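J.:
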Amino acid sequence: MARDWLDSDGESEDDGLVEKRFSNARLVRYYQIAFAETASATFQAVLLYCKTGYIAFAPLTSSFAAAADAGTMHEQEYRAYAVLHPGMPRPVSPKSVYRLAHLLQIPDLQKLALDHIASGLSIEGVAHELFSPVATAYDEVRRLVRDFIVKRFDEAAVGEIDGGSKTLTEVLQAASPAKRE
Numbered sequence: 001m002a003r004d005w006l007d008s009d010g011e012s013e014d015d016g017l018v019e020k021r022f023s024n025a026r027l028v029r030y031y032q033i034a035f036a037e038t039a040s041a042t043f044q045a046v047l048l049y050c051k052t053g054y055i056a057f058a059p060l061t062s063s064f065a066a067a068a069d070a071g072t073m074h075e076q077e078y079r080a081y082a083v084l085h086p087g088m089p090r091p092v093s094p095k096s097v098y099r100l101a102h103l104l105q106i107p108d109l110q111k112l113a114l115d116h117i118a119s120g121l122s123i124e125g126v127a128h129e130l131f132s133p134v135a136t137a138y139d140e141v142r143r144l145v146r147d148f149i150v151k152r153f154d155e156a157a158v159g160e161i162d163g164g165s166k167t168l169t170e171v172l173q174a175a176s177p178a179k180r181e
């Protein structure tokens, strides 16, 4: 059988093919794709979203920043969700979902994640969000957080956080009276 096209990249359908035998079952052939720096819960949530349109976002970690025991409060949120929604997947970080949706080029999921980030911003946690790795890496997230601060500049107290000089410069430029006119 002749092919009507040539694979210019020299790829083969067998590239990445894994063969594995599970217990006494027949030999199974499948493709394995590795996603580095993505939690399995996030990946599973994105797969579920692609199949069903359902995704549950966790609150931003920065929303617990002022709490004495932020980790415990975050875990309590997860437990409360599990009680209200038994059998449903655990809520996932909107910032992690944004990163993965960007990587996989799923614009509607990126927008959902961005909208959830916007709804979770608070004066108390905005400095953490402004200088987070996601805001530093993604212009759209950084603009969203920056605009939140600019609108509430008198209320927002931006502390000193490593790696934030680029974003802080943008915020100060956007908030300057010359820029507003």
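Following full-length UniProt numbering, the numbering of the sequence shown begins with 1 at its first residue and continues without gaps.
Glycine included, C-beta positions come from ideal geometry on N, C-alpha and C.
The model shown is predicted, which means the values in this text are computed figures rather than measured ones.
(1) Looking only at its chain, what residues have a beta carbon closer than 7 angstroms to the beta carbon of SER63, apart from the 5 residues adjacent to it on each side?
(2) Return yes when the Cβ of LEU130 is within less than 9 angstroms of the Cβ of VAL46, no when it is not.
(3) Pair every Cβ in the stretch 77-92 with every Cβ in the stretch 137-150, then say whether three or more of these pairs are closer than 8 angstroms.
(4) Closest to THR52 by CA distance: which of PRO59, GLN44, ALA58 is it?
(5) Quick check on the DSSP output: the beta strand (DSSP E) that includes ARG99 runs from which residue to which?
(6) Helix, strand or coil for PHE131 per DSSP?
(7) Under the assumption that THR136 contacts ARG142 (Cβ atoms under 8 angstroms), give the Cβ distance between them as a whole number of angstroms.
(8) For PHE22, which residues in the same chain have their Cβ closer than 7 angstroms to its Cβ, ignoring the five residues on either side in sequence?
(9) Beta strand (DSSP E) containing ARG90: first to last residue?
T.: Inspection of the coordinates gives the following:
(1) Here residue 63 refers to the residue found at position 63 when the sequence shown is read from its first residue. Cβ within range, chain order: GLY120, SER122, GLY125.
(2) Your numbering for residue 46 matches position 46 in the sequence shown. Your numbering for residue 130 matches position 130 in the sequence shown. Not closer than 9 angstroms, so no.
(3) They do not touch, by the three-pair rule.
(4) Counting from one through the sequence shown, the residue named residue 52 turns up at place 52. Minimum Cα distance to THR52 is reached at GLN44.
(5) On the sequence shown, position 99 is the one that residue 99 refers to. Annotation: ARG99 is outside any beta strand (DSSP E); the continuous alpha helix (DSSP H) that includes it extends over 94-104.
(6) By 1-based counting over the sequence shown, the position of residue 131 is 131. Reduced to three states, the DSSP call for PHE131 is coil.
(7) Counting from 1 along the sequence shown, the entry for residue 136 is found at position 136. Counting from 1 along the sequence shown, the entry for residue 142 is found at position 142. Contact annotation, THR136 with ARG142: C-beta distance approximately 7 angstroms; criterion of less than 8 angstroms satisfied.
(8) For this step, residue 22 is matched to residue 22 along the sequence shown. Excluding positions up to five away in sequence, the list reads VAL28.
(9) By 1-based counting over the sequence shown, the position of residue 90 is 90. That residue, ARG90, is in no beta strand (DSSP E); it is neither H nor E in DSSP.
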